[in-house]
Amino acid sequence: MKIIIILTAIILLFLIGCTSSPNITSPTYNFKQGVSELNFRMLPNAPPDKIYPESNFKLILEADNKAAYDINNLAVNIVGLDDKYFLLNVYEQKIPTMYGKSLNSPIGDKQFLEFDGVSNKLFQNAQYYTGNYIVKASYQSKIEFADTICLNPNLYSINDAGCKVQDKKSYGGQGGPLAVDGIEEITYPSGTGGLVEFRVNLANKGRGKVNTVHLITSNLGGEEMECEFLGENVITQKLIKMTNEKQQATLRCKTFIKEQNSYASSLSLSFTYDYEFKQQFKLNLVK
Amino acid sequence: MGISDFFTSAIDKTSATTKKNVGSGTSKTYFPAARVAGSAVKADVVETITDYGFILFFIGLAVWLLNIYLNPAAKIIMGTILMCYSSLLIFQRKGILLIILFWTWYIYFGARTDQTFALYFGIISLSTLFIYYKLINKERNVGDELKAGAIPIIIFFLDIGLISLLTTKFNLPLTDLTQSLILFIPWWALLGLFTSQKQSNLLSFFKAVGILYVIVILVIGLIPSVGYTEIKSTLPGAEQFLAAQEKVQSQISGKENPFVSNLACITEFENFQGCVNKRQEDSELNNICKKQEKKQEGTEDFAKCVNDQREKKKKEAASVLVGGTNDPTISQPTKAEFIETKFSTKNAFTEPGKPILQQIEFKINNPRKQIIDLEFSCSFVQGDKNIEAKILGNSLEKSVGGETIRRTIVCQGPNTFKGTFNIVYEAKIKGLKSVSRLQRAFIPEIKDYSQNEEMKKEILSTYFNSNNQWSQGAEDLSRVDFAFGNPVDNPIVEPTSMIIFSSVLRNPGKGKIIAIKNYKFTMNNAELDSLGFSVKSGDENCLSGTSVTLPPLKTSFIEQIPLSTCIINLPDNFKNLKEYQYREFEGAVEYDYLVRKEISMTVKTLELS
């Protein structure tokens with residue numbers, strides 16, 4: 000009897016010990032969604048709410064990259080300050096790279112730009128002067144788009160048990176100011192396969208202005224697709240300039256699929272772009 | 000009943016009477032038609048002149064025509080009488096209580112608005128109205144009473160200068176229409192005419208003329224527009240209404256009544272408007288030379304004066320390109336005035352043979368601590384006699400400074416004066432400076448139209464969203480206004496545009512600019528010439544100059560003196576920009592100013608035993 004109990008206990012021990020533990024996967028978060036971008040703010044008291052005549056002050060600009068991509072060649076300019084009242088030591092500063100949000104850096108990247116300034120006298124016996132100015136930032140960044148889409152060259156098939164093609168799909172952004180906000184899929188059946196055309200709509204969702212957009216990669220199921228930008232202001236097939244009035248572009252990609260039944264495949268695109276945005280601030284000179 | 004109907008009825012009456020007599024068998028007696036018509040006219044006239052509305056029309060018209068001879072107190076008294084008359088006789092005592100309460104508050108209490116007073120007076124007024132309309136006179140309709148009371152009150156305001164006040168205090172534009180309303184509409188007369196009750200041909204005729212008159216004045220507006228006024232906010236008393244009316248009338252009066260101008264030019268089919276404009280201008284210039292410059296009509300001097308005034312008008316017209324505003328960041332401007340003190344007696348006794356002494360205080364608020372020279376003088380004026388009097392003590396002071404300057408001025412008059420006369424005090428303030436600033440944004444040349452427009456939009460919304468496309472200066476005795484751009488009030492300067500530069504010295508004060516010593520325009524304390532700005536065409540001394548000659552006219556630019564107008568070239572560093580630049584410019588003018596005050600005085604000689 001004792002042996003049976005001991006054996007049962009050992010077997011139980013093995014059973015419990017050898018049971019696989021619950022599947023603890025490492026935490027994942029997709030930063031490449033939504034619309035996020037570089038933000039600016041002045042630190043409290045830098046500059047102070049009131050600046051007195053003929054005194055020194057500092058402008059400390061916090062640049063906070065909330066996008067999911069690195070920012071390169073950031074140039075920050077202070078424009079519009081009248082040096083009759085406020086004089087800065089520099090009016091332009093550059094940051095080579097600011098990291099985007101990632102697992103290694105979930106809050107993105109923050110940098111501080113300091114501008115030293117000195118104030119002059121007020122006009123005559125004025126009580127105050129308000130100097131509005133603009134902080135202008137320009138940089139390059141990128142976005143990456145990826146989605147699984149259904150391809151079905153056999154449009155006339157009734158009994159296809161594969162995936163369902165979605166003619167149009169909408170997206171809420173890929174973690175940057177520039178976003179792929181919609182894709183249209185058009186299939187042309189052809190013999191043993193079919194020609195698939197994707198019309199990708201790119202739009203500026205941020206507060207600033209996109210200048211040029213360059214297509215870097217375009218793949219469908221790991222194979223490169225032939226793509227070109229459509230419409231006005233196309234510089235080359237893979238390079239387009241967005242205008243003030245039209246901050247969007249359409250990219251057309253085509254590929255031939257040999258399969259005869261429907262199947263899901265991964266579509267991925269990546270772009271680089273030039274971006275510019277402005278923010279207004281003010282300095283108060285008081286008696 | 001129209002005029003033709005009047006004569007028709009008179010003829011019908013005549014015929015009826017004649018036929019009656021012919022058919023009756025009596026001797027054929029002929030009644031002249033004129034006698035019957037005469038009776039009808041007599042009845043019509045009697046009917047008209049006994050109408051309360053017509054009486055109001057007549058009195059209102061007379062008061063309006065004699066308006067220039069009435070002093071402010073008399074105008075208020077007449078306005079009160081007509082207001083009461085309207086309420087009692089035109090509106091049959093409707094609204095009389097409202098009018099009494101209004102008059103008590105507005106004239107007797109001087110339109111007080113302090114809280115305590117407002118509370119007490121408000122309660123008393125409402126109680127009175129309640130008791131009267133709910134307990135004493137229950138049958139009266141409160142709504143009708145209020146309407147009937149409001150009309151005379153509104154006419155009262157219009158008559159004493161509501162529109163003038165709106166132009167001077169509340170920035171109502173002084174357009175052709177408002178000027179016509181101020182000068183040429185006899186409000187009480189119109190009220191009387193259009194509230195007349197009786198039916199008579201004569202009244203109908205007057206009404207027709209009245210309507211035609213109003214149409215001519217309002218629709219065919221003839222007086223050119225005047226420039227900027229500044230916004231102030233205050234609850235005006237009657238004196239302020241009248242002062243505003245006087246100020247505006249002094250600007251635009253002297254012109255011929257547009258109704259008369261229209262009638263005189265009625266045969267000028269080809270150039271009707273030109274004829275009317277010329278008549279208006281001529282009447283204005285003649286009036287200035289006669290009343291203000293005191294020139295004798297028909298003399299060579301008078302003709303020269305009219306020419307000088309015409310030239311001055313042309314120069315002023317060229318300079319009205321430029322506007323300016325008071326700098327909102329400067330709360331303490333430079334001000335100067337004579338102040339009557341308790342020692343400035345208006346009624347005095349003097350011993351025979353002894354000179355008359357009168358004193359007054361002179362005060363300058365000088366927040367920028369300017370160093371100035373002061374020169375005082377005084378004179379005694381009685382009718383046509385104008386005798387220079389003596390300032391006791393030092394009448395000339397050089398290099399006076401300080402934030403507040405106060406002086407007691409004692410004027411010694413001749414020992415022969417007695418009765419009622421005016422003492423005129425004058426102070427010449429020399430070396431005053433007016434400094435104004437102007438903001439402009441210089442943009443680079445951008446070929447892309449939409450980019451260019453976007454940049455301009457950004458600049459306007461960031462830097463020019465508070466009426467600061469014009470220069471801003473302290474609300475001093477005078478203020479230099481200047482601007483440049485294309486048009487001049489465009490604050491964005493493009494490198495390729497033709498840039499017009501214009502400047503004036505404006506006189507918003509009550510005194511007179513007597514000399515302009517020099518003027519200059521700078522940026523960051525450097526003169527524009529030295530920064531590379533240059534005159535392309537026009538006045539060579541556009542950007543800086545000395546001694547602007549003022550014509551020897553008494554009117555001497557009451558409102559403004561043009562300084563310079565030209566086209567300028569930009570320096571190279573403003574043409575080849577990569578990014579826009581926002582800059583502030585300063586304009587400074589050194590000038591002399593005359594402050595004047597007239598005080599009425601009565602002197603009686605003491606009878607010594």
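Protein chains in written order, with numbering that gives the first Met the number 0: chain A, 0 to 286; chain B, 0 to 608. Glycine is no exception: its CB is placed at the ideal position from the N, C-alpha and C atoms. Bear in mind that the values here come from a model prediction, so they are computed numbers and not experimental data.
Against chain A, does residue i count as a neighbour if the rule is that its beta carbon must be under 9 Å from one of theirs?
i	result
B/P366	yes
B/G226	The predicted model places B/G226 with a pLDDT of 29, which falls under 50 and marks its position as unreliable; any figure quoted below should be read in that light. Judged by the 9 Å Cβ criterion, B/G226 is not in contact with chain A.
B/N466	no
B/M522	yes
B/T461	yes
B/E585	yes
B/A473	yes
B/S330	yes
B/Y518	no
B/R582	yes
B/Y592	no
B/A609	Missing from the structure shown is residue 609 of chain B; chain B here goes from 0 to 608 and no further.
B/S449	yes
B/E310	no
B/V434	yes
Between residue i and residue j, is the Cβ-Cβ spacing less than 9 Å?
i	j	result
A/T254	A/F228	no
B/S477	B/S433	yes
A/L201	A/L177	yes
B/I566	B/I491	no
B/E493	B/I442	yes
A/M224	A/N232	no
B/P151	B/F108	no
A/K281	A/N88	no
B/F375	B/N421	no
A/K31	A/G230	no
B/L504	B/L437	no
A/G181	A/V209	no
B/I371	B/G400	yes
Does any residue of chain B bring its CB to less than 9 Å from the CB of residue i?
i	result
A/T242	yes
A/N88	no
A/G79	yes
A/N260	no
A/K49	no
A/I94	no
A/N283	no
A/N131	yes
A/L201	no
A/Q279	yes
A/D82	yes
A/L42	no
A/A248	no
A/Y127	yes
A/L121	yes
In the DSSP assignment, what residue or residues form a beta bridge with residue i?
i	result
A/N55	A/V117
B/L262	None, per the DSSP bridge assignment.
A/I239	A/V212, A/V233
A/T271	A/K141, A/H213
B/Q580	B/F441
B/S398	BP columns for B/S398 are empty, so no partner.
Shorter than 8 Å, the distance from the beta carbon of residue i to the closest heavy atom of the ligand NAD, or not?
i	result
B/F532	The ligand NAD is absent from the structure shown, which contains no ligands of any kind.
Establish whether the CB of residue i and some CB of chain D are separated by less than 9 Å.
i	result
A/N76	Considering every chain present, this structure includes no chain D. Its protein chains are A and B.
| request: Flag this pair as touching only if the segment 236 to 245 of chain A and the segment 108 to 128 of chain A have three or more C-beta atom pairs under 8 Å; answer yes or no. | output: no
| request: Would you be able to state if there are at least three C-beta pairs under 8 Å between the segment 564 to 584 of chain B and the segment 64 to 71 of chain A? | output: no
| Cβ contact check for the segment 460 to 470 of chain B and the segment 323 to 332 of chain B: 3 or more pairs under 8 Å | yes
| request: Take every Cβ of the segment 588 to 599 of chain B, pair it with every Cβ of the segment 530 to 544 of chain B, and state whether three or more of those distances are shorter than 8 Å. | output: no
| said: Under 8 Å: do the segment 199 to 213 of chain B and the segment 50 to 59 of chain B share three or more Cβ pairs, one atom per stretch? | reply: yes
| query | Just checking, does the segment 258 to 271 of chain A make contact with the segment 130 to 145 of chain A on the three C-beta pairs under 8 Å criterion? | reply | yes
| Okay, do the segment 86 to 103 of chain B and the segment 142 to 157 of chain B touch, 3+ Cβ pairs below 8 Å being the bar? | yes
| Inter-stretch contact at 8 Å, needing at least 3 Cβ pairs: the segment 357 to 366 of chain B / the segment 404 to 413 of chain B | yes
| task | Examine the Cβ distances between the segment 59 to 66 of chain A and the segment 36 to 49 of chain A and report whether three or more of them are shorter than 8 Å. | result | yes
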